[in-house]
Amino acid sequence: METLTNKAHQKLEIKPRQMDFAFGSLKDLKYFDNNIYKSSFIAGLSAAFPPGEGEFLDSVKLYRDQITNPDLKRQVKGFIGQEGHHSHQHKIVNKELDRLGFNTDKVDKLLHKMINSRVKRLSNKFRLAHTVCAEHITALMGEHIINQPDFLKNMEAPMKDLMLWHAVEEVEHKSVAYDVYMECVGDRAYLNKTMKFAILALHFRLTRYMFMMAFSTKYWWNLKDLASTLKWMFGKGGMWRSLRKPYKAFYSDDFHPWRDGGLELIEKWQKDYYHPIQDKSSDEYLRAKVA
Ligand SMILES: [Fe+2]
Ligand SMILES: [Fe+2]
Numbered sequence: 200m201e202t203l204t205n206k207a208h209q210k211l212e213i214k215p216r217q218m219d220f221a222f223g224s225l226k227d228l229k230y231f232d233n234n235i236y237k238s239s240f241i242a243g244l245s246a247a248f249p250p251g252e253g254e255f256l257d258s259v260k261l262y263r264d265q266i267t268n269p270d271l272k273r274q275v276k277g278f279i280g281q282e283g284h285h286s287h288q289h290k291i292v293n294k295e296l297d298r299l300g301f302n303t304d305k306v307d308k309l310l311h312k313m314i315n316s317r318v319k320r321l322s323n324k325f326r327l328a329h330t331v332c333a334e335h336i337t338a339l340m341g342e343h344i345i346n347q348p349d350f351l352k353n354m355e356a357p358m359k360d361l362m363l364w365h366a367v368e369e370v371e372h373k374s375v376a377y378d379v380y381m382e383c384v385g386d387r388a389y390l391n392k393t394m395k396f397a398i399l400a401l402h403f404r405l406t407r408y409m410f411m412m413a414f415s416t417k418y419w420w421n422l423k424d425l426a427s428t429l430k431w432m433f434g435k436g437g438m439w440r441s442l443r444k445p446y447k448a449f450y451s452d453d454f455h456p457w458r459d460g461g462l463e464l465i466e467k468w469q470k471d472y473y474h475p476i477q478d479k480s481s482d483e484y485l486r487a488k489v490a
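Using this note's numbering, the letters of the sequence shown correspond one by one to residues 200 to 490.
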């Protein structure tokens with residue numbers, strides 16, 4: 200694996216890619232493998248991104264003035280741009296998911312309420328530490344998505360392209376919140392404690408959102424789909440099982456988000472999954488718009 204050490208990773212440019220996905224062409228409520236629970240899991244995740252990533256941004260902004268390293272300052276700017284754009288794209292697709300029959304608004308409101316009434320009252324230290332943990336988990340999910348082409352097999356194209364684009368940017372900025380925490384707070388033991396809470400909370404919330412999304416449709420009673428979704432998550436080669444080892448690496452003394460590599464995944468995305476026609480800055484996109 201290609202690794203980055205000695206702060207070389209802070210030279211990595213983190214630039215939001217302005218994308219335009221054809222979400223209007225999403226056809227089926229069961230857009231993912233014709234499976235209501237797999238489709239609901241991704242719908243729940245997508246619904247949670249705008250409020251969740253808003254909190255990630257806010258918690259990093261709390262420490263922005265304390266950052267002295269100019270490279271890290273630049274990366275924070277890129278991180279804010281990328282997460283902001285992710286929320287923007289997920290808001291658009293969430294409307295399309297609702298058109299198909301989900302109720303993503305329910306998850307959005309629930310999470311917003313929780314963040315405003317509870318999270319914002321917590322200490323700045325906890326909020327940033329929680330963001331570091333959540334960013335580690337989302338980066339691992341992103342790496343899994345790019346690494347395992349079969350993981351999103353049979354997902355309708357616009358949703359798949361969105362997930363892959365979001366995945367690569369999560370990999371790209373995976374060390375930003377961690378580096379801000381280490382520069383401004385530096386309490387590693389506290390981070391480990393927070394991770395134990397964060398991983399449980401994340402599993403609980405994502406499972407809850409999946410059921411909320413499934414129950415917002417008339418197809419929820421489908422044990423076959425539920426069983427195959429659980430296998431897809433926890434079975435051999437499943438996401439959660441595959442992430443167990445890299446998740447545990449977080450607790451080791453020499454951990455850093457780039458310690459075990461990841462740059463090659465950015466290259467893989469660029470080679471295998473990047474479509475210039477979706478990139479607002481590309482000539483192909485501009486030509487297609489003019490035509
Ligand atoms: Fe994101
Ligand atoms: Fe992120």
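Positions of the beta carbon are idealized from the N, C-alpha and C atoms, including for glycine.
{"Item": "Rounded to whole angstroms, what is the Cα-Cα separation between H287 and A448?", "Value": "32 angstroms"}
{"Item": "Classify L240 as helix, strand or coil using the three-state DSSP reduction.", "Value": "For clarity, residue 240 is Phe in the given sequence; the question names Leu instead. Helix at F240."}
{"Item": "Just checking my contact of N293 with A246 at CB under 8 angstroms: how many whole Å lie between their CB atoms?", "Value": "6 angstroms"}
{"Item": "On the criterion of 16 or more Cβ atoms from any shown chain inside 10 Å, does E201 qualify as buried, or is it exposed?", "Value": "In this predicted model, E201 has a pLDDT of only 46, less than 50, meaning its place in the structure is not dependable enough to derive any value."}
{"Item": "Mind checking whether the beta-carbon of A338 lies closer than 8 angstroms to any heavy atom of ligand 2?", "Value": "yes"}
{"Item": "Kindly confirm or deny that the segment 404 to 424 and the segment 334 to 350 touch, where touching means at least three C-beta pairs closer than 8 angstroms.", "Value": "no"}
{"Item": "Between E281 and ligand 2, is the CB less than 8 angstroms from at least one heavy atom?", "Value": "Reading off the sequence shown, one finds Gln at residue 281, where the question assumed Glu. Yes - ligand 2 has a heavy atom lying nearer than 8 angstroms to the Cβ of Q281."}
{"Item": "On the three-state DSSP scale, how would you describe F454?", "Value": "coil"}
{"Item": "What is the residue span of the alpha helix (DSSP H) that R486 lies within?", "Value": "D482 to V489"}
{"Item": "DSSP beta-bridge partners for D349?", "Value": "Per DSSP, none; premise fails for D349."}
{"Item": "Near K229, what residues of its chain come up, given a Cβ to Cβ distance below 6 angstroms and the 5 sequence neighbours on each side ignored?", "Value": "I235 and S238"}
{"Item": "Rounded to a whole number of angstroms, what is the C-alpha to C-alpha distance between P250 and W468?", "Value": "26 angstroms"}
{"Item": "Let me check understanding here. Comparing Cα to Cα, which of R298, K210 and R317 lies closest to N268?", "Value": "K210"}
{"Item": "Between D227 and L299, which are expected to be in contact by the criterion C-beta below 8 angstroms, what is the C-beta distance as a whole number of angstroms?", "Value": "7 angstroms"}
{"Item": "Contact between the segment 262 to 281 and the segment 370 to 388 is defined here as three or more beta-carbon pairs at a separation below 8 angstroms; is this criterion met?", "Value": "yes"}
{"Item": "Which same chain residues end up closer than 7 angstroms to H208 when comparing Cβ atoms and leaving out the 5 residues on each side of it in sequence?", "Value": "S374 and W457"}
{"Item": "Should F396 be counted as a contact of ligand 1 given a C-beta to heavy atom distance under 8 angstroms?", "Value": "no"}
{"Item": "Just checking my contact of G461 with V370 at CB under 8 angstroms: how many whole Å lie between their CB atoms?", "Value": "5 angstroms"}
{"Item": "Please classify L363 as buried or exposed, where buried requires at least 16 neighbouring CB atoms within 10 angstroms.", "Value": "buried"}
{"Item": "I'd like the ranges of any alpha helix (DSSP H) spanning at least 4 consecutive residues and lying wholly in the segment 368 to 425.", "Value": "375 to 383 and 387 to 414"}
{"Item": "Which residues bound the alpha helix (DSSP H) around N315?", "Value": "T303 to S316"}
{"Item": "Could you tell me whether the segment 411 to 429 touches the segment 310 to 325, using the rule of 3 or more Cβ pairs below 8 angstroms?", "Value": "no"}
{"Item": "CA-CA distance, Y484 and D304?", "Value": "31 angstroms"}
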